[in-house]
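Student: Once you've had a glance at the structure underneath, I'll fire off some questions.
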Amino acid sequence: MGRDLVWYAAYGSNMHAARLDCYLRGGRPPGGVRTYPGCRDPSAPRATRPVVLPGRMYFAFESKNWTGGLALYDPLDPGRTPARAYLLTRSQFGDLAAQEMYRAPGVDPDLSTLATTGRATLGPGRYETVVRVGAADGHAILALTAPWRSADAPWNAPAAAYLQHLRAGLAEAHGWSARRAARYLAGCPGAAGTWTAEAIAALPALPTS
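Residue numbers for the sequence shown follow this note's numbering, beginning at 2 and rising by one.
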């Protein structure tokens, strides 16, 4: 059974549990423009825990759901990235990855190269590279990102709604205050120079269901 489970390490908006739920059960997150179909197995994660990943998060390209830059992760950059790990089945992880890649859920991805290279390539684009960033309780910790280095990406400032979900996720996962989360987010490449910590901290809280 243990080999059927993986930790999905979310470092972007999916740190916010309500946003992740749209991938699991389907729906549209507050501030987003896209409605997600959900996973074949819509069950809640079996566990969740805060994690810190080696490397750096940055904002680049243009999000189809939020507008503005989207969060990506470069494990080879200096720094540390706060994240939230969710214990999912491999089929749930595959369906979540498919939705991130704007594909229909329903097919389990081939992750066989993770054991030898620490990476699995599901496609050439954003969130189509799976990186093994560690292990916990006998299960691999996997993150979704892009195949390129952060310095090669067109950095782009994120939208306010996107930052609201990241700020909420950092509070849920790590217990960070709005100010601490804002300082971190304002310092990430892509956001730095456009967003100030004060402006991010002043964003209204997301509605609770």
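Where is the CB? At the ideal position from N, CA and C, for every residue including glycine. Everything numeric in this text was worked out from a predicted model, so none of it was measured.
(1) Any idea what DSSP makes of R180, helix, strand or coil?
(2) Assuming the contact rule is C-beta atoms closer than 8 Å, A18 and V53 should be a hit. Round their C-beta distance to whole Å, please.
(3) Based on the DSSP secondary-structure assignment, which residues constitute the bridge partners of L143?
(4) Near A154, which residues of its chain fall below 8 Å by C-beta distance, leaving aside the five closest residues on each side in sequence?
(5) Please state if the CB of A158 and the CB of T195 are separated by a distance shorter than 9 Å.
(6) Thinking C-alpha only, which one of S178, I201 and W177 is nearest G216?
(7) Measuring straight from C-alpha to C-alpha, what distance separates A172 and A179?
(8) By how many angstroms is the C-alpha of T68 removed from the C-alpha of R35?
(9) Assuming A193 is part of the beta strand (DSSP E), what are its boundary residues?
(10) Rounded to the nearest angstrom, what separates A192 and Y185 at their Cα positions?
(11) Can you tell me whether E199 is buried or exposed, with buried defined as 16 or more other CB within 10 angstroms of its CB?
(12) Determine, using beta carbons only, whether T90 and V7 come nearer to each other than 9 Å.
(13) Apply the 10 Å Cβ neighbour rule to P43 and answer buried if 16 or more other Cβ atoms are within range, or exposed otherwise.
(14) Buried or exposed: which applies to Y103, given that a residue is buried once 16 or more other Cβ atoms fall within 10 Å of its Cβ?
(15) Give me the Cα-Cα distance between R47 and A174, rounded to the nearest whole angstrom.
(16) If you follow the alpha helix (DSSP H) that F62 is part of, which residue opens it and which one closes it?
(17) Whole angstroms is fine: what's the gap from A121's alpha carbon to I142's?
(18) Spatial neighbours of P76 within its chain, please: CB distance less than 8 Å, with the 5 preceding and 5 following residues excluded, ordered by chain position.
(19) The beta strand (DSSP E) spanning D75 covers which residue range?
(20) Identify every residue that forms a DSSP beta bridge with Y87.
Tutor: Inspection of the coordinates gives the following:
(1) helix
(2) Actually they are not in contact, since the Cβ atoms of A18 and V53 sit about 18 Å apart, beyond 8 Å.
(3) Y9 and R133
(4) Y59, A61, F62, L73 and A147
(5) yes
(6) The chain is shown from 2 up to 210; residue 216 falls before or after that span and cannot be answered.
(7) 7 Å
(8) 11 Å
(9) No beta strand (DSSP E) holds A193; DSSP gives it neither H nor E.
(10) 10 Å
(11) exposed
(12) yes
(13) exposed
(14) exposed
(15) 15 Å
(16) Per DSSP, F62 belongs to no alpha helix (DSSP H) and is neither H nor E.
(17) 13 Å
(18) L54, P55, G56, V132, V134, A144 and T146
(19) L71 to D75
(20) Y9 and T49
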